[in-house]
Every structure is written in C-alpha cells, then in structure tokens.
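Single-structure report; data block below.
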Amino acid sequence: MMKPNLIAAAEIDRLDTWAKFTAPMCGSCVSSCCTLPVEVKIKDLVRIGIVDEFELGDPPKNIAKRLQKEGIVERYNQKSEIFTLQRMSNNDCLYLDRKSRLCTIYDKRPDTCRNHPRIGPRPGYCAYKPKAVERETGRRTLERF
C-alpha cells in the first residue's frame, strides 16, 4: 500500500494544499495568509487610520487616487467600492513586520483579516507554511531544530 504524499507546506495558489485551520497554527506559521490580496472597505481604512472621518464626504474614487499615489492602495473597484491594499514586492502585506512576521496594525486590522480563514478562498482552511520550511535548490525540506 502506498503512503499518501504529505505536504509540508501549502502553496498559496493551490487551495488543495491548504490545511484545515486550527488557531495554534498561527504561532508557527510564516504568515502566508498575509501575502494574499487584502480587499477592504472604506470603514476599514478609517479604522486603520489612513482615511479620516472628514474625508468620508469625498467621493471614494478621489480617496482611492490619493491612497494609490501614497502607495497604500493598489486598486479600487468603483462598482463594489472595494479597495485592494498595496503589497510589498515579495507580496507581503504593507503592515506585516518583515522580521517578526506579525501584523503591525493587529488591533486595527481590516475585516478581511479578522474573518480569515472563516471567509476566504477556501473557508476553514489556511495556506499554512511552518517557519521551519525553507527552499533549497528548488525543493522543500523540513528542518527540525
């Protein structure tokens, strides 16, 4: 009988590799969910502190233009009124600390982040990648410390 192939780490674009989510996973993960696009509403931008209450009277399109110029928003969908936050060149969220891999605005984070993985590309599952997984010569290895 053949043993099933165990996947040491999820591939962000392959939902079938995502693991059933349990809360303890977050502490040992590289925060791979923080490399997914983050779609936000205007209320999220207010909570984060990048849009103020006075600006809410402005057309969202104008707010989007300002935030795009500032490098905070990648795009804006006028029909759905959804803003997509800009990501770093490695796809990390702007608000993900590079060293600690923790959210720098955790208490103010957008609803998209608060609801993940209950709501998302594969509800109840996450793109779990343990911190010990590294790429070596094009293949994955699991190092145990």
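So the sequence shown is residues 135 to 279, counted in my numbering. Backbone N, C-alpha and C fix where the C-beta goes; we use that ideal spot for every residue, glycine too.
Q: State the beta-bridge partners of residue 210 as determined by DSSP.
A: 217
Q: Leaving aside the five residues before and after residue 164 along the sequence, list all residues of the same chain whose C-beta is less than 8 Å from its C-beta, in chain order.
A: 235, 263, 264, 265, 267
Q | Residue of 222, 162, 171 minimising C-alpha distance to residue 147 | A | 171
(Q) Looking at the secondary structure, which residues open and close the alpha helix (DSSP H) in which residue 235 lies? (A) Looking at the DSSP string, residue 235 is not in any alpha helix (DSSP H), and its letter there is neither H nor E.
Q) Is residue 265 helix, strand or coil when you go by DSSP? A) coil
Q) Buried or exposed: where does residue 192 fall if 16 or more other Cβ atoms within 10 Å of its Cβ makes it buried? A) exposed
Q: Take every Cβ of the segment 244 to 251, pair it with every Cβ of the segment 167 to 182, and state whether three or more of those distances are shorter than 8 Å.
A: yes
Q. Whose C-alpha, out of 142, 214, 219, is nearest the C-alpha of residue 204?
A. 219
**Q.** Among 151, 143, 150, 173, the one whose alpha carbon lies nearest that of residue 228
**A.** 173
**Q.** Local conformation of residue 174 per DSSP, three classes
**A.** strand
**Q.** Backbone secondary structure at residue 162 - three-state DSSP
**A.** helix
Q: For residue 160, count neighbouring C-beta atoms within 10 Å of its own C-beta (all shown protein chains included) and say buried if the count is 16 or more, exposed if not.
A: exposed
Q: For residue 149, name the three-state secondary structure that DSSP assigns.
A: helix
Q: Rounded to whole angstroms, what's the CA-CA distance from residue 209 to residue 162? Just pull it up for me.
A: 32 Å
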